[in-house]
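J.: In this text, residue positions in the sequence shown follow our numbering: the first is 1, and each later residue adds one. For every residue, glycine included, the Cβ atom is placed at its ideal position computed from N, Cα and C. Please see the structure below; I have some questions.
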Amino acid sequence: TRSLLGVFEEDAAAISNYINQLFQAMHRIYDAQNELSAATHLTSKLLKEYEKQRFPLGGDDEVMTSTLQQFAKVIDELSSCHAVLSTQLADAMMFPITQFKERELKEILTLKEVFQIASNDHDAAITRYSRLSKRRENEKIKAEVTEDVYTSRKKQHQTMMHYFCALNTLQYKKKIAMLEPLLGYMQAQISFFKMGSENLTEQLEEFLTNIGTSVQNVRREMECEVENMQQTIEDLEVASDPLYLPDPDPTKFPVHRNLTRKAGYLNARNKTGLVSSSWERQFYFTQGGNLMSQARGDVAGGLVMDIDNCSVMAVDCEDRRYCFQITSFDGKKSSILQAESKKDYEEWICTINNISKQIYLSENPEEIAARVNQSALEAVTPSPSFQQRHESMRPTVQSRPPAARTSSTGSLGSESAALSALSLDSLVAPDTPIQFDIISPVSEDLPGQAKSSGQSGRRTNPFGESGGSKSETEDSILHQLFIVRFLGSMEVKSDESPDVVYETMRQILAARAIHNVFRMTESHLLVTCDCLKLIDPQTQVTRLRFPLPNVVLYATHQENKRLFGFVLRTSGGRAESRQTSICYIFESNNEGEKICDSVGLAKQIAFHAELDRKASEKQKEIDRVKEKQQKELNKQKQIEKDLEEQSRLIAASSRSNQSSGEGQFVVLSSSQSEDSDLGEDGKKKRESEA
Numbered sequence: 001t002r003s004l005l006g007v008f009e010e011d012a013a014a015i016s017n018y019i020n021q022l023f024q025a026m027h028r029i030y031d032a033q034n035e036l037s038a039a040t041h042l043t044s045k046l047l048k049e050y051e052k053q054r055f056p057l058g059g060d061d062e063v064m065t066s067t068l069q070q071f072a073k074v075i076d077e078l079s080s081c082h083a084v085l086s087t088q089l090a091d092a093m094m095f096p097i098t099q100f101k102e103r104e105l106k107e108i109l110t111l112k113e114v115f116q117i118a119s120n121d122h123d124a125a126i127t128r129y130s131r132l133s134k135r136r137e138n139e140k141i142k143a144e145v146t147e148d149v150y151t152s153r154k155k156q157h158q159t160m161m162h163y164f165c166a167l168n169t170l171q172y173k174k175k176i177a178m179l180e181p182l183l184g185y186m187q188a189q190i191s192f193f194k195m196g197s198e199n200l201t202e203q204l205e206e207f208l209t210n211i212g213t214s215v216q217n218v219r220r221e222m223e224c225e226v227e228n229m230q231q232t233i234e235d236l237e238v239a240s241d242p243l244y245l246p247d248p249d250p251t252k253f254p255v256h257r258n259l260t261r262k263a264g265y266l267n268a269r270n271k272t273g274l275v276s277s278s279w280e281r282q283f284y285f286t287q288g289g290n291l292m293s294q295a296r297g298d299v300a301g302g303l304v305m306d307i308d309n310c311s312v313m314a315v316d317c318e319d320r321r322y323c324f325q326i327t328s329f330d331g332k333k334s335s336i337l338q339a340e341s342k343k344d345y346e347e348w349i350c351t352i353n354n355i356s357k358q359i360y361l362s363e364n365p366e367e368i369a370a371r372v373n374q375s376a377l378e379a380v381t382p383s384p385s386f387q388q389r390h391e392s393m394r395p396t397v398q399s400r401p402p403a404a405r406t407s408s409t410g411s412l413g414s415e416s417a418a419l420s421a422l423s424l425d426s427l428v429a430p431d432t433p434i435q436f437d438i439i440s441p442v443s444e445d446l447p448g449q450a451k452s453s454g455q456s457g458r459r460t461n462p463f464g465e466s467g468g469s470k471s472e473t474e475d476s477i478l479h480q481l482f483i484v485r486f487l488g489s490m491e492v493k494s495d496e497s498p499d500v501v502y503e504t505m506r507q508i509l510a511a512r513a514i515h516n517v518f519r520m521t522e523s524h525l526l527v528t529c530d531c532l533k534l535i536d537p538q539t540q541v542t543r544l545r546f547p548l549p550n551v552v553l554y555a556t557h558q559e560n561k562r563l564f565g566f567v568l569r570t571s572g573g574r575a576e577s578r579q580t581s582i583c584y585i586f587e588s589n590n591e592g593e594k595i596c597d598s599v600g601l602a603k604q605i606a607f608h609a610e611l612d613r614k615a616s617e618k619q620k621e622i623d624r625v626k627e628k629q630q631k632e633l634n635k636q637k638q639i640e641k642d643l644e645e646q647s648r649l650i651a652a653s654s655r656s657n658q659s660s661g662e663g664q665f666v667v668l669s670s671s672q673s674e675d676s677d678l679g680e681d682g683k684k685k686r687e688s689e690a
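The structure is reproduced here in structure tokens:
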């Protein structure tokens with residue numbers, strides 16, 4: 001019986017393992033059906049909401065919307081069928097196998113445990129009964145052991161019968177538990193397909209056929225478009241191959257100088273500390289008179305700077321190439337940017353220059369920019385030596401003789417009617433070279449620059465507050481500082497009309513445009529009552545010094561008020577026997593008129609200071625004459641006083657001689673004889689002792 005029971009128990013364990021696997025498989029079918037039903041319902045819902053979607057590239061396609069609505073209707077019906085199928089699977093398939101697994105198999109396991117406990121209790125009772133002693137018999141203990149054996153044997157027998165009955169019944173329940181779920185699954189599928197055949201009518205089949213034809217047409221159009229795009233890509237790859245280089249050949253891709261719009265990637269310099277900085281690459285573009293930037297991932301660009309009336313110049317960065325600086329019209333904001341190539345570098349500078357002149361506001365901005373650039377090219381006086389001068393970019397070295405002091409004849413915005421009819425050649429010599437760089441005072445001595453020993457390259461405080469030796473401008477009552485950029489200088493033939501400054505501005509700007517000279521040196525212009533100084537903003541070293549009396553003419557541009565210049569008159573030049581005049585041109589931050597006003601005020605203060613100095617010197621001379629006359633008068637009075645004192649002494653001596661008599665006369669005579677023996681020097685000595 002025990003051996004047979006072991007076979008039945010092994011069979012029950014196999015049935016339990018197999019039923020668990022079958023349950024998991026059917027549960028996956030049920031879960032998949034539920035997921036399919038939910039997904040089908042969600043698909044139908046999304047198709048219905050298509051008409052509410054707003055696609056950025058898609059318009060109102062009524063055909064597509066109606067087609068999707070028809071699909072949504074059919075899929076919604078299929079979703080209902082799937083929902084019914086899920087319910088039938090839950091009732092006909094999952095319920096029977098779940099009942100068998102949860103009730104029948106668990107009952108077998110429970111009976112097995114109870115039977116094992118009853119068998120163990122019976123074995124323990126038999127063991128106790130076998131240990132009863134035959135010598136000493138205790139009726140009470142014997143009765144208890146006998147009762148225990150009876151109870152355990154009865155319990156084991158009853159449990160065994162129920163357990164055996166359940167094992168025998170399991171063979172039948174196993175068949176029912178496997179066939180009934182499969183039967184329910186098949187019936188549910190048959191019902192589902194019957195509902196599907198009723199919903200999928202001939203009209204729907206015709207609709208699906210039409211949709212299939214439309215899909216094939218769209219596929220053919222797509223293939224044709226892809227083929228065209230592939231051909232376009234190949235053509236662009238061939239044409240754009242030279243552009244893949246970061247710095248393309250400028251002979252094959254010339255620089256466009258007439259642009260009023262520009263866009264591209266630039267590296268922006270950001271200061272991270274006192275001397276440290278970092279570079280950030282962003283997309284920059286011009287929009288009207290504004291420079292915009294847009295970081296990667298941003299929806300729109302942000303304003304960087306207003307470039308109307310701004311200034312742009314090339315700058316030298318220690319660790320970067322192709323750098324340029326943009327400064328706003330008021331000078332309060334500046335930005336250093338780096339282009340990727342020389343072509344982009346020059347185009348950005350030209351574009352910003354064109355925008356700063358507000359050419360973009362006209363109807364044909366590129367044509368106007370082309371005319372302006374052509375006028376600049378035609379404005380330069382041609383000469384054989386001009387090109388050679390600026391290929392070497394080395395300015396003329398001029399000697400500095402003693403500066404001749406003249407009165408100022410320049411005023412802001414004034415024009416001379418006498419020179420209005422003169423030709424341009426009478427203002428500027430045709431073969432005059434242009435100097436674009438500032439010569440350092442350490443190596444060169446420019447006209448009008450006062451350079452004393454021990455002062456060359458000395459760091460200068462523009463506000464006269466140095467802690468050491470006293471600055472030569474500390475006594476000046478006027479100190480005004482301006483930010484300027486040196487454009488160039490050249491010798492002029494006349495210094496009597498502002499037309500000289502205007503013509504010099506025109507020729508220098510045109511020469512810069514022809515020779516692509518975009519670099520400008522930024523300095524601080526200090527205006528005092530004694531001189532004009534150009535000071536390095538970084539080192540505070542005086543670059544140039546112009547004595548104020550030698551500045552004979554100054555004016556701003558008639559249209560661009562950021563440009564101003566002045567004429568410096570000095571003796572010497574190409575011929576030492578005549579005076580020369582040099583015109584210096586600068587660009588400021590919209591402060592040209594203020595600088596001219598400041599220079600005029602300084603000259604007025606210097607003129608009045610000179611008048612006061614002359615008056616003071618004249619008064620000092622009068623005081624010296626009076627003092628000399630007073631000294632002569634005092635000397636004369638002292639002589640008269642000495643004579644009176646001698647007369648008084650002689651008179652006293654005469655009275656003494658008369659009272660002393662003859663003896664005294666002898667003594668006096670001997671004294672006189674001694675005086676005669678002493679000579680002239682002795683007499684003078686005696687007189688001084690007296």
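Answer yes if the region 518–534 comes into contact with the region 544–555, meaning at least three C-beta pairs across the two stretches below 8 Å, and no otherwise.
T.: yes
J.: Which of helix, strand or coil does DSSP assign to V7?
T.: helix
J.: Using CA atoms only, rank isn't needed, just tell me which of K333, Y322 and G592 is closest to D247.
T.: Y322
J.: Going by the beta-carbon positions, is the gap between C310 and T286 smaller than 8 Å?
T.: With a cutoff of 8 Å on beta-carbon distance, C310 and T286 are scored as not near each other.
J.: Report the rounded CA-to-CA distance for V218 versus Y284, giving the unit in angstroms.
T.: 40 Å
J.: Three Cβ pairs or more, each shorter than 8 Å: is that satisfied between the region 479–489 and the region 513–526?
T.: Result yes; three or more Cβ-Cβ pairs closer than 8 Å.
J.: Would you say C596 and T570 are within 8 Å of each other, going by their C-beta atoms?
T.: no
J.: Taking the continuous beta strand (DSSP E) assigned at V484, which residues delimit it?
T.: Q480 to V492
J.: Give me the Cα-Cα distance between T127 and E104, rounded to the nearest whole angstrom.
T.: 35 Å
J.: Relative to the C-alpha of D330, which candidate in S588, Q69, K620 and L5 has its C-alpha closest?
T.: S588
J.: For A575 and G565, what's the separation of their Cα atoms in angstroms?
T.: Confidence in A575 is poor, its pLDDT being 45 and thus under 50, which makes the residue's placement unreliable; the coordinate value appears in the next sentence. Going by the C-alpha atoms only, they are around 24 Å apart.
J.: Could you name the residues that DSSP lists as bridge partners for N267?
T.: R281 and Q338
J.: Under the DSSP definition of a beta bridge, which residues are partnered with Y554?
T.: In DSSP, Y554 forms a bridge with F566.
J.: Near Y345, which residues of its chain fall below 6 Å by C-beta distance, leaving aside the five closest residues on each side in sequence?
T.: The answer, listed in chain order, is Y322 and A339.
J.: Quick check on E10: buried or exposed, where buried means 16 or more other Cβ atoms within 10 Å of its Cβ?
T.: exposed
J.: Thinking H82 and T151 are a contact (beta carbons under 8 Å), I'd like their distance in whole angstroms, please.
T.: Taking the Cβ atoms as the reference, H82 lies roughly 60 Å from T151, outside the contact range of under 8 Å.
J.: Where do the N-terminal and C-terminal ends of the beta strand (DSSP E) with G302 fall, by residue?
T.: G302 to D306
J.: With H, G and I counted as helix, E and B as strand and the rest as coil, what does DSSP make of L105?
T.: Helix.
J.: Span of the beta strand (DSSP E) holding V527?
T.: T521 to V527
J.: So the beta strand (DSSP E) T580 belongs to, where does it begin and stop?
T.: Q579 to S588
J.: Pop quiz: C583 and S489 are said to be a contact at Cβ under 8 Å. What is the actual Cβ separation, rounded to whole angstroms?
T.: 6 Å
J.: Taking 8 Å as the cut-off, decide whether the C-beta atoms of Y30 and L78 are in contact.
T.: no
J.: Taking 8 Å as the cut-off, does the region 139–149 touch the region 115–131 (at least 3 CB pairs, one atom from each stretch)?
T.: yes
J.: From F192 to K48, what does the alpha carbon distance come to, in whole angstroms?
T.: Distance between the alpha carbons of F192 and K48: 24 Å.
J.: Just checking, does the region 153–165 make contact with the region 56–73 on the three C-beta pairs under 8 Å criterion?
T.: Result no; under three Cβ-Cβ pairs closer than 8 Å.
J.: If you measure between the beta carbons of L478 and A609, is that distance less than 8 Å?
T.: no
J.: Are the beta-carbon atoms of V312 and N354 separated by less than 8 Å?
T.: No, Cβ-Cβ distance for V312 and N354 is not below 8 Å.
J.: Tell me whether the beta-carbon of G600 lies closer than 8 Å to the beta-carbon of K561.
T.: no
J.: Return the first residue and the last residue of the beta strand (DSSP E) that I438 is part of.
T.: In the DSSP assignment, I438 falls outside any beta strand (DSSP E) and carries neither an H nor an E.
J.: Within the continuous alpha helix (DSSP H) that includes K750, where are the two ends?
T.: Examination of residue 750 is not possible in this model, given that the chain is present from 1 through 690 alone.
J.: To which residues does DSSP link Q287 through a beta bridge?
T.: DSSP output for Q287 lists N290 as bridge partner(s).
J.: Alpha carbon to alpha carbon, what distance is there between F115 and E180?
T.: For E180 and F115, the distance between alpha carbons rounds to 31 Å.
J.: L337 and L266 look like a contact to me (Cβ under 8 Å); what is the Cβ gap, rounded to whole Å?
T.: 5 Å
J.: Could you tell me if A651 is buried or exposed, where buried requires 16 or more neighbouring beta carbons within 10 angstroms of its beta carbon?
T.: exposed
J.: Which of the three DSSP states is assigned to F329 in this structure?
T.: Coil.
J.: Is it right to say M222 is buried, meaning 16 or more other beta carbons lie within 10 angstroms of its own, or is it exposed?
T.: exposed
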